[in-house]
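In what follows, a structure is listed as structure tokens, so that the remarks can point back to it.
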Amino acid sequence: MRYDANKDGSVTIEEWKAGQQARFKRLDANGDGKLSQDELFARTPAVGNSVLPTDRQAGQQSSYFLLLDTDKDGFVTLTEFMAQTDRNFARCDLDKNGRVDTAECRQALQRKPATR
Ligand SMILES: [Ca+2]
Ligand SMILES: [Ca+2]
Ligand SMILES: [Ca+2]
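Every letter in the sequence shown is one number past the one before it in our numbering, and letter 29, counting from 1, is 65.
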């Protein structure tokens, strides 16, 4: 599983954060310590043969960017990025033991938000 540094089958919050920090650094193409929307999605593969994202994809990307950019200054700082990282981890860690494994995360992501 991604971010499982010591390969014990689950990811601790420390491993998770280290992975996300490394990801932030990779995404920050110009190294100014913050991500523009272009930087954040530069590595998102386009669907099919189209180089440009579809309108729908672009809309999803914008709303994701706005979600991360909590102070709405048009850039996502490491602090903002890591705040979302914490939320993602908490969402996956169903039994709240500070570790996430693949099955747990898959189950968490499949849970639909409060329908029925
Ligand atoms: Ca940047
Ligand atoms: Ca911001
Ligand atoms: Ca857990």
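Ideal placement from N, C-alpha and C gives every residue a C-beta, glycine not left out.
Report all residues from its chain with a CB closer than 8 Å to the CB of residue i; omit the five preceding and five following residues, and keep chain order.
i, result
"residue 70", "64, 111, 112, 113, 114"
"residue 98", "73"
"residue 51", "39, 40, 41, 42"
"residue 106", "116, 119"
Less than 7 Å separating the beta-carbons of residue i and residue j?
i, j, result
"residue 117", "residue 73", "no"
Within the continuous beta strand (DSSP E) that includes residue i, where are the two ends?
i, result
"residue 137", "135 to 137"
Would you list the one or two residues that DSSP bridges to residue i?
i, result
"residue 48", "135"
Please return the same chain residues whose Cβ sits closer than 7 Å to the Cβ of residue i, not counting the five positions on each side in sequence.
i, result
"residue 141", "128"
Quick one: give me the first and last residue of the alpha helix (DSSP H) that residue i is part of.
i, result
"residue 122", "114 to 128"
"residue 39", "Unbroken run through residue 39: none, as it is neither H nor E."
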